[in-house]
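A.B. asks: One structure follows; several queries about it will come next.
Protein chains: 4
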Amino acid sequence: MASTPETSDLIAFRRDLHERPEPAWREFYTTARIIEALRERDVDGIHYGRDVHRADARMNVPDEAELAEWYDRALAAGADPEILEALQGGFTGAIAVIERGDGPTIGLRVDIDGLPIAESSEAGHVPADEGFRSKHDGYMHACGHDAHATFGLGVIDEILASEFSGTLKVFFQPGEELIVGGKPMAESGHLDDVDSLFAVHIGLDHPTGEVIAGIDGFLAVRHFFAEFSGEPAHAGGHPEQGKNTVQALATAVQNLYGIPRHADGATRVNAGIVGGGTATNIIPEESFIEGEVRGETTDLADYAYEKAERVLESAATMHECEVDIETRGEAPSAESDQELVDVVAEVARDVSGVTNLLERDELGGSEDATYLMQRVQDNGGYATYVGIGTDHPGGHHTGTFDVDEESIEIGIEVLSGAVLAVAERGVETE
Amino acid sequence: MASTPETSDLIAFRRDLHERPEPAWREFYTTARIIEALRERDVDGIHYGRDVHRADARMNVPDEAELAEWYDRALAAGADPEILEALQGGFTGAIAVIERGDGPTIGLRVDIDGLPIAESSEAGHVPADEGFRSKHDGYMHACGHDAHATFGLGVIDEILASEFSGTLKVFFQPGEELIVGGKPMAESGHLDDVDSLFAVHIGLDHPTGEVIAGIDGFLAVRHFFAEFSGEPAHAGGHPEQGKNTVQALATAVQNLYGIPRHADGATRVNAGIVGGGTATNIIPEESFIEGEVRGETTDLADYAYEKAERVLESAATMHECEVDIETRGEAPSAESDQELVDVVAEVARDVSGVTNLLERDELGGSEDATYLMQRVQDNGGYATYVGIGTDHPGGHHTGTFDVDEESIEIGIEVLSGAVLAVAERGVETE
Amino acid sequence: MASTPETSDLIAFRRDLHERPEPAWREFYTTARIIEALRERDVDGIHYGRDVHRADARMNVPDEAELAEWYDRALAAGADPEILEALQGGFTGAIAVIERGDGPTIGLRVDIDGLPIAESSEAGHVPADEGFRSKHDGYMHACGHDAHATFGLGVIDEILASEFSGTLKVFFQPGEELIVGGKPMAESGHLDDVDSLFAVHIGLDHPTGEVIAGIDGFLAVRHFFAEFSGEPAHAGGHPEQGKNTVQALATAVQNLYGIPRHADGATRVNAGIVGGGTATNIIPEESFIEGEVRGETTDLADYAYEKAERVLESAATMHECEVDIETRGEAPSAESDQELVDVVAEVARDVSGVTNLLERDELGGSEDATYLMQRVQDNGGYATYVGIGTDHPGGHHTGTFDVDEESIEIGIEVLSGAVLAVAERGVETE
Amino acid sequence: MASTPETSDLIAFRRDLHERPEPAWREFYTTARIIEALRERDVDGIHYGRDVHRADARMNVPDEAELAEWYDRALAAGADPEILEALQGGFTGAIAVIERGDGPTIGLRVDIDGLPIAESSEAGHVPADEGFRSKHDGYMHACGHDAHATFGLGVIDEILASEFSGTLKVFFQPGEELIVGGKPMAESGHLDDVDSLFAVHIGLDHPTGEVIAGIDGFLAVRHFFAEFSGEPAHAGGHPEQGKNTVQALATAVQNLYGIPRHADGATRVNAGIVGGGTATNIIPEESFIEGEVRGETTDLADYAYEKAERVLESAATMHECEVDIETRGEAPSAESDQELVDVVAEVARDVSGVTNLLERDELGGSEDATYLMQRVQDNGGYATYVGIGTDHPGGHHTGTFDVDEESIEIGIEVLSGAVLAVAERGVETE
């Protein structure tokens with residue numbers, strides 16, 4: 001990307017966010033910086049705080065102490081105190097609105113959260129070499145969401161500079177990595193008038209210059225946290241007085257993996273993290289299973305989840321324990337609409353730097369952009385999930401992940417081009 | 001106890017130890033203080049460091065960093081640096097020897113370690129009220145081993161002041177709470193010429209004034225730590241590539257509790273602490289079970305342990321995992337010999353302050369004094385485990401446990417009286 | 001035993017029963033022969049049919065076809081049709097009453113059922129050599145109940161020939177081997193006025209000439225039959241449509257064996273027989289577990305049974321199945337009263353042929369005479385379970401078991417002597 | 001079908017077979033009747049007995065007594081004794097060969113075995129109404145293999161009446177329902193020169209007049225029988241002496257259903273039939289699991305089978321038992337070749353009575369014709385699995401299944417037409 005003043009601003013913005021990766025519901029600095037940048041631009045509306053989420057749909061919100069720690073860190077790093085105030089309680093994320101005359105309402109969804117992964121400090125890792133490595137030990141933008149936020153800002157710049165007629169809403173969504181932010185933002189009301197939605201991801205093992213017009217194959221997923229409580233007892237003296245949560249846990253694990261396969265398609269179950277007990281000589285009175293179920297469709301994930309609940313509850317009952325099951329994150333499956341795939345494909349072919357266009361690809365993982373896509377589709381609109389290739393040295397979710405900043409400009413061009421195309425020509429349907 | 005200068009010294013000694021509770025293999029301060037006190041007395045030998053343990057019988061020794069932390073703490077608290085030097089690597093504990101002419105070799109075993117329990121700071125808790133509460137946060141002498149060490153010193157004082165003829169060895173044993181110190185001290189060689197051994201415990205729900213001449217009913221026990229290792233894989237993308245240690249763990253737990261009961265007597269199994277996995281979407285590649293088996297006899301504990309090993313190994317094999325099983329602590333069962341029970345009973349009846357004498361009682365738990373008792377018995381000698389009642393406000397292993405210091409003098413009188421009786425009259429056998 | 005006309009009658013009686021072993025609730029021939037023999041004697045009452053059982057306490061009664069088969073066999077073998085009529089529905093067993101003036105009511109309980117074991121036909125096996133081997137293929141008196149019934153008849157003869165004053169009730173109990181006959185007879189009402197009860201067993205690894213005055217150590221036991229029902233489905237085509245009873249069964253078995261050990265004493269659990277499913281390619285919709293729990297005391301057996309029920313029900317619920325749990329047999333623990341033990345011991349010492357008297361022994365198994373013993377004891381009476389040694393070539397419940405007929409006379413002498421002693425002198429209590 | 005003398009013969013042949021349904025390796029009467037019919041025709045070779053199977057590839061052959069029972073029944077029903085002689089040991093099935101000048105070698109595979117299902121005797125069920133209902137109680141041609149055998153004979157008639165030049169081999173295969181006959185016949189050598197193979201099935205929920213030119217979607221499958229052996233012990237007296245096969249069984253079942261899902265496609269596992277134990281009070285020393293694994297591909301079935309073996313063996317080892325695992329039946333997956341699908345489609349369109357032609361359909365079940373198809377394909381030849389619709393009142397494998405005899409003629413026309421087309425024009429390849 002030629003270092004025009006404009007793009008160098010965006011790169012600086014991306015690098016600023018890269019230095020301050022923040023996980024779900026703790027994106028205080030990130031959100032403040034986005035809002036500050038939006039305020040410098042001629043946008044018509046900036047929504048944030050409690051306004052951008054259906055509060056009771058938020059999952060896995062950290063406790064007060066954890067929120068306070070990240071809040072204070074953002075404050076210390078220079079985030080606007082007045083903005084931060086509005087984000088209290090972890091109401092992170094923002095929605096920018098541009099209204100320019102008649103025309104369709106078009107949405108763009110970008111996610112903004114970081115990961116609990118330690119960033120490489122080795123030579124050759126660009127953020128280390130060029131001095132914008134993470135300042136939060138053990139946390140990192142290892143999935144490119146810093147670039148995604150920059151896509152959002154760049155598209156706004158392009159649209160503001162264009163003859164755009166219609167409404168553009170850019171959704172800066174928190175908490176994608178834990179699949180907790182999609183649902184509350186999808187149900188905030190702001191999406192309800194959107195006719196066409198673009199979601200976007202960088203990388204995904206595609207090189208710089210490659211663009212995917214429509215990604216599918218999202219596995220529906222549900223994270224759960226099951227906490228068993230029983231009664232302790234001395235294992236030597238009075239084993240019969242205990243209510244043994246580790247027996248409940250083991251029974252549950254055995255039967256979770258035994259949930260029947262389904263004729264309608266693939267399902268998955270994993271008891272990813274387990275723990276329990278306090279001492280070798282005490283009947284263990286507390287245990288937990290943190291796990292997930294997935295399905296090729298949302299129905300299949302629901303099928304597996306219902307079975308899992310039954311297994312967990314029966315295992316607890318069997319050992320006279322209680323179990324509390326909490327959904328910690330969730331995303332449905334979704335499909336990209338051919339109508340928007342066609343638009344993106346047509347636009348992308350003409351974007352400078354695009355060397356290869358794939359019409360479709362499979363994700364094979366999970367994403368909560370699907371909540372927003374589904375919402376728009378349920379209202380009769382269209383959605384597509386666009387992939388923007390980038391040469392990334394390390395894999396996603398590794399300490400050496402990085403994006404090729406050249407690809408940021410490509411993404412902005414493709415996405416803003418698609419927004420303008422929809423605004424001008426509409427979505428063709430058969 | 002009348003505050004004679006002598007007893008007030010012993011009380012001060014006990015309170016000093018009380019302030020510095022140290023867990024297994026970390027009794028640096030405690031050991032140093034004991035040795036310093038012995039040096040002030042006219043004893044004929046003081047053994048410590050590598051001399052008092054069979055090194056390869058030590059179990060569950062903490063890592064370097066952990067040992068260093070407690071070592072430094074002892075140093076800072078004023079322990080003799082030269083003594084500490086000899087204890088490096090966690091070779092804590094000491095053996096004092098008094099040799100006075102002909103006569104039998106008599107042993108007294110007292111244990112000296114503390115517990116990872118937070119001491120009460122509430123009014124009414126004597127150590128809090130009188131200013132000798134634990135200075136090590138989260139650690140406490142909650143089982144009276146500070147009083148036990150004091151018994152050892154007090155008995156030495158009494159014997160030195162007597163017409164004793166024979167040899168007395170006092171074993172200040174570390175690491176009883178984790179049942180790790182008994183075996184290496186029993187196998188150090190120092191016990192091999194002991195004809196009669198007294199072990200002792202304070203409290204055990206008996207009030208001040210009550211003495212038990214011989215305690216039995218020790219459950220043999222074996223702590224184990226089983227670590228499973230498999231292979232991680234993405235739970236959504238490639239579940240078949242994982243080697244799932246949580247499935248191995250669950251299979252093992254189910255079958256550990258299913259180890260068959262035994263006609264010869266009671267057995268126990270407990271998977272006390274379990275854990276595994278790293279993320280909900282990763283097939284869990286590391287897991288562990290920390291647990292124990294017990295038996296009414298050592299054979300029964302061995303039976304259960306062999307079954308447990310087989311279960312753990314087969315569960316690992318089933319899921320293509322490895323398992324590494326380590327014994328973390330161990331104690332056999334043992335019985336008090338009637339010959340010494342008779343001696344203690346006869347002596348105790350005449351001790352001032354003894355208001356009730358029980359000839360026998362059952363412990364119903366585990367203790368690694370049994371290693372020393374068994375060693376002496378295997379060599380043709382006699383052993384008994386003596387209980388000295390004390391009014392203790394809170395239960396053993398709770399934050400409000402405390403001993404009635406009056407009972408310390410009683411214990412010293414009973415034990416020294418028994419030592420003298422054996423030295424003078426021998427052990428009567430039928 | 002000298003072959004007096006009288007004893008040769010009893011031996012013939014025993015051998016007749018030996019030829020026709022009948023299992024629980026199918027003792028048609030046996031009951032008829034007992035009643036026929038009683039009718040030849042001067043007894044005051046003979047109860048049988050529905051009168052001798054609390055009908056709703058009968059467990060594990062065979063189906064019509066099975067009952068009919070044994071009924072017809074008894075008829076064909078010459079049993080009195082009029083008596084058989086009264087036993088229809090499997091109301092087997094009888095109670096004989098002798099009332100002779102004032103005095104206590106004394107009971108004697110003998111059991112009469114056979115076992116599903118094939119009798120040896122080899123030379124050296126007395127019934128084979130002397131021509132009274134079982135005529136029912138696969139069934140055998142392999143536990144000596146033919147001798148027990150003969151004890152009952154012989155004691156009646158002795159009492160009728162004596163100066164007995166009081167009431168004697170002899171309980172010929174069916175269905176001991178399946179522990180199903182004790183409860184309904186104990187609750188029939190006939191036992192409610194009994195002051196002292198003698199139960200008896202021959203053999204038990206004691207030789208001819210040895211008598212045990214009081215046997216204890218009965219394990220309380222409960223047999224259960226748990227039947228799971230789910231839904232079939234094609235295992236390849238629609239596994240998700242099944243409700244898999246074999247998964248429920250496996251989950252239950254794993255957790256039945258994991259029922260916690262109890263501090264109060266020994267417990268036992270066994271899933272002795274399991275089965276389920278119809279085809280390899282059908283999700284199995286029917287399964288069962290037939291098993292048992294035991295306890296050193298009735299409370300311990302109840303503890304284990306409650307746990308077992310919970311396990312079975314939760315395992316069914318977990319897999320969306322139903323489970324129907326039926327108690328198929330049951331017996332409490334019991335203890336022999338010292339008062340009657342003293343009587344038996346005193347009497348037995350003077351009986352010709354008694355060469356060794358043991359006051360007490362442990363059974364280590366289960367017996368439903370305990371129901372009758374407990375009933376009498378609950379009403380303030382006394383009970384003892386007497387052992388009569390016999391040289392038995394094969395072990396109990398093997399095809400070569402046999403009794404030394406000499407010991408039958410000894411048993412009759414001991415038991416009738418004890419009955420007379422109680423009638424004459426009463427039971428001495430402290 | 002117009003009742004020409006010829007077709008009425010074939011119908012009579014089909015009805016004769018229908019009356020004598022015989023399961024795997026017991027098709028004595030069926031095979032004899034086929035051979036007798038072949039002898040009446042001008043075929044060039046008839047192979048049967050040991051010649052038509054690789055003997056050591058036969059699975060699940062019944063024991064002598066079972067074979068003898070069906071053999072005698074066939075004899076009594078009038079089967080040719082000389083032919084039966086050659087089938088001894090269960091070497092059922094036959095291969096007919098027609099050699100007529102130059103040309104390709106074409107195979108037709110039809111299966112001939114019946115099912116252990118009771119045939120309906122209700123009015124409306126044609127075999128009942130018209131008097132050719134099964135004469136073997138509890139057995140039935142409930143899957144149309146009587147019609148398949150008739151296809152074979154009918155095609156031979158058509159080819160004999162034609163100008164056919166080439167070689168035709170008709171494989172009358174036994175034991176399809178248990179998937180045991182395909183492998184030994186495929187490996188007999190007779191298939192090795194076949195260039196093109198047609199396999200066929202009637203019905204499959206397609207109505208009379210519908211033809212499917214190529215069926216795919218066969219799940220690879222493997223039936224296994226796992227027999228655990230341990231040691232019995234008295235469950236009350238000495239539980240520790242047992243080696244408990246029911247614990248092994250339960251552990252295995254739990255973990256069989258937990259075999260990880262596979263990214264490459266669907267897998268299935270079912271523990272379809274289980275059983276074990278002898279008495280409630282005996283630790284169960286014998287148990288079994290009869291089950292199956294399936295996979296969308298042969299590799300996936302192999303994956304699941306290897307996992308299952310590991311589970312079964314580890315579960316046995318865990319409980320100190322042995323396990324013997326036997327494959328009882330097996331079939332790979334397979335695909336129909338487009339080359340032959342095209343031939344069948346082209347021919348079928350012109351056959352009278354064909355009202356609907358489907359080029360492809362999915363079976364969604366298992367079939368061991370796949371062994372023969374694979375063999376031919378591995379040798380460079382082509383294979384297709386043809387479906388011939390028939391109005392069947394009851395579903396496959398139910399007591400009211402029946403075929404519409406009109407469809408038999410259609411099948412013969414389609415198959416013989418395809419054979420002739422291949423012989424005349426060859427198989428076109430791209």
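Residue numbers (full-length UniProt numbering), protein chains in the order written: chain A, 1 to 430; chain B, 1 to 430; chain C, 1 to 430; chain D, 1 to 430.
Using N, Cα and C, we set each Cβ at its ideal position, and we do this for glycine too.
Quantities reported herein were computed from a predicted structural model and do not represent experimental measurements.
#1: Can you give the beta carbon distance from residue 154 (chain C) to residue 403 (chain C), rounded, assuming they're within the 8 Å contact cut?
#2: Is the shortest distance between the beta-carbon of residue 158 (chain B) and the beta-carbons of chain D less than 8 Å?
#3: For residue 58 (chain C), go through chain A and note every residue whose CB falls closer than 8 Å to its CB, in chain order.
#4: Helix or strand or just coil, what does DSSP make of residue 318 (chain B)?
#5: Between residue 180 (chain D) and residue 329 (chain D), how many whole angstroms is the CB-CB distance? I'm expecting something under 8 Å.
#6: Quick one: Cα of residue 62 (chain D) to Cα of residue 88 (chain D), how far?
#7: Just verifying my parser: in three-state terms, what is the DSSP assignment at residue 57 (chain B)?
#8: Considering residue 107 (chain A), what are the terminal residues of the beta strand (DSSP E) in which it resides?
#9: When the Cα atoms are used, what is the spatial distance from residue 66 (chain A) to residue 90 (chain A)?
#10: Is DSSP giving residue 3 (chain C) helix, strand or coil here?
#11: DSSP beta-bridge partners for residue 199 (chain A)?
#12: Residues of chain C with CB under 7 Å from residue 20 (chain A), in chain order?
#13: Tell me which residues share the same chain as residue 115 (chain D) and place their Cβ nearer than 8 Å to its Cβ, disregarding the 5 neighbours each side in the sequence.
#14: Under a Cβ-count criterion, where at least 16 other Cβ atoms within 10 Å of its own Cβ denotes burial, should residue 352 (chain C) be classed as buried or exposed?
#15: Apart from the five residues on each side of it in sequence, which residues of its chain come closer than 7 Å, Cβ to Cβ, to residue 261 (chain C)?
#16: Taking DSSP as the reference, what is the three-state secondary structure of residue 121 (chain D)?
#17: Do residue 95 (chain A) and residue 167 (chain A) have their C-beta atoms within less than 8 Å of each other?
#18: Taking only beta carbons into account, state which residues of the stretch 241-258 of chain C come closer than 7 Å to chain B, listed in chain order.
#19: Quick check on residue 268 (chain C) - is its C-beta less than 8 Å from some C-beta in chain A?
#20: From the DSSP output, in three-state form, read off residue 430 (chain C) for me.
#21: Checking 8 Å against the spacing of the C-beta atoms, do residue 134 (chain C) and residue 381 (chain C) come in under that value?
#22: Please state whether DSSP places residue 167 (chain A) in a helix, a strand or coil.
#23: When you check each C-beta in the stretch 314-343 of chain A against every C-beta of chain C, which residues fall closer than 9 Å?
#24: Does the Cβ of residue 68 (chain D) have 16 or more other Cβ atoms within 10 Å, making it buried, or fewer, making it exposed?
#25: Give the C-beta separation of residue 169 (chain A) and residue 97 (chain A) to the nearest angstrom, bearing in mind that I take them to be a contact with Cβ-Cβ under 8 Å.
#26: Does the contact criterion of 3 or more C-beta pairs under 8 Å hold for the stretch 72-84 of chain D versus the stretch 339-348 of chain D?
C.D. replies: With the given structure in hand:
#1: The pair is not a contact, with the Cβ atoms about 13 Å apart (cut-off 8 Å).
#2: no
#3: Ordered by position in chain A, no residue passes the 8 Å Cβ test against residue 58 (chain C), which lies about 31 Å from the chain.
#4: helix
#5: 5 Å
#6: 12 Å
#7: helix
#8: 105-111
#9: 10 Å
#10: Residue confidence for residue 3 (chain C) is low, a pLDDT of 47 falling below 50, so the modelled location carries little weight; the figure read from the coordinates is stated next. Reduced to three states, the DSSP call for residue 3 (chain C) is coil.
#11: A:109 and A:385
#12: Neighbours of residue 20 (chain A) on chain C: none; closest Cβ ~46 Å, over 7 Å.
#13: 21, 23, 139, 140, 141, 142, 143, 177 and 397
#14: exposed
#15: 267
#16: coil
#17: no
#18: 254, 257 and 258
#19: no
#20: Confidence at residue 430 (chain C) is low in this model, with a pLDDT of 48, below 50, so its placement is unreliable and no value can be given for it.
#21: no
#22: strand
#23: 314, 315, 316, 317, 318, 319 and 320
#24: exposed
#25: 5 Å
#26: no
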